[in-house]
Amino acid sequence: MKILKTGALVALSLAMMGPVLALPVLAQNITESQADDMAKGNMWAELTKAVHVKKEKVGDTIVFKTSDKVALTNGTELPRGTKLVGKVTAVEGPSDGHGAQLTLQIAQAELRGGKTVPVNVLVTGAEMPQNMALASLSAGMQQQGMNAAQNAAGRMGSSGPQMANEQTMGTSGVAPVGSGTMTVVGGVMQMKNMPVTNLNGASFSSTTGDGGSVTFTGKGKGWSIDNGFKVRLEVMPAQ
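With the UniProt record's numbering, you'll find the sequence shown wraps up at 239, consecutive numbering, no jumps.
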């Protein structure tokens, strides 16, 4: 029975992630109650304010607003529009193998009226809405064209071709992220190096361990994500 429950959770998580269906999966050691908790707390949430990795610092607040109404297993109901409050726990510049990274922990749900509920959140998917991604791509292409014209051979002050790859997280002209993995080991669920839909070169990693956290990685050192950026979450009552 435990194996069936684990398999059901994995299938549910992958189904909710849309284009990430082909990812390799290893699942083990998750309890039936944990599977129930995570399945019942599945929802979409939307970033309420743009995030610029260069400007963020440890302790800053980043808020997502839920797009769905869900009931957690302890009876708490999170209505649509609930604020999921995240705190930045780490900001790292680019290094060998990856671009700049931002890590946050979403540990609190704020209901209308000001009531707060402690939660444990796993990010299972992330995407930039297609219309926003197309606008970003168009802006990047226009900027590249301007850079090419301004830096054409023989032009005073020319510095050669430039790429507009710091306007948004994972803009055009960057290599796609490799396949990610999902694991459940010792009751701790982890998503590693998962691609962000509609943003080439962007990825995220998430875990339920130590209260839960998610790390976003973009291309280069100055990426940003706009309000409207969406994440798929599995929300559980905090232990």
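Note that beta-carbon positions come from the ideal geometry of N, C-alpha and C, so glycine has one too.
query                                                                                                                   : result
Through-space distance from Gln105 to residue 245, alpha-carbon basis                                                   : Coverage of the chain is limited to positions 1 through 239, which leaves residue 245 absent and any answer about it impossible.
Residue from His52, Lys115 and Val117 whose Cα sits closest to the Cα of Val88                                          : His52
Secondary structure of Gln101, DSSP reduced to three states                                                             : strand
DSSP state of Lys40 mapped onto helix, strand, coil                                                                     : helix
Length of the line joining the Cα atoms of Pro94 and Ser213                                                             : 20 Å
Distance CB(Val231)-CB(Thr208) smaller than 8 Å                                                                         : no
Bridge-paired residues (DSSP) for Gln190                                                                                : Thr183 and Thr207
DSSP-derived helix/strand/coil call for Gln108                                                                          : strand
Gly186, buried or exposed, once every other Cβ within 10 Å from all chains shown has been counted against 16            : exposed
Best match in Ala238, Gly99, Arg80 and Ser205 for proximity to Pro222 [C-alpha to C-alpha]                              : First, the amino acid is wrong: residue 222 is Gly here, not Pro. Taking only the C-alpha atoms, the option nearest Gly222 is Gly99.
Neighbourhood of Met156 by C-beta distance below 6 Å, restricted to the same chain and skipping five residues each side : Below a pLDDT of 50, predicted positions are generally treated as unreliable, and Met156, at 36, falls in that range; the measurement from the model is reported next regardless. So no residue of the chain qualifies.
N- and C-terminal bounds of the beta strand (DSSP E) containing Glu127                                                  : Thr116 to Glu127
Contact check, Leu78 vs Val85, beta carbons under 8 Å                                                                   : no
Distance between Ala202 and Lys57 (C-alpha atoms, nearest Å)                                                            : 20 Å
Buried or exposed by the 16-neighbour rule on C-beta atoms within 10 Å, applied to Gly125                               : buried
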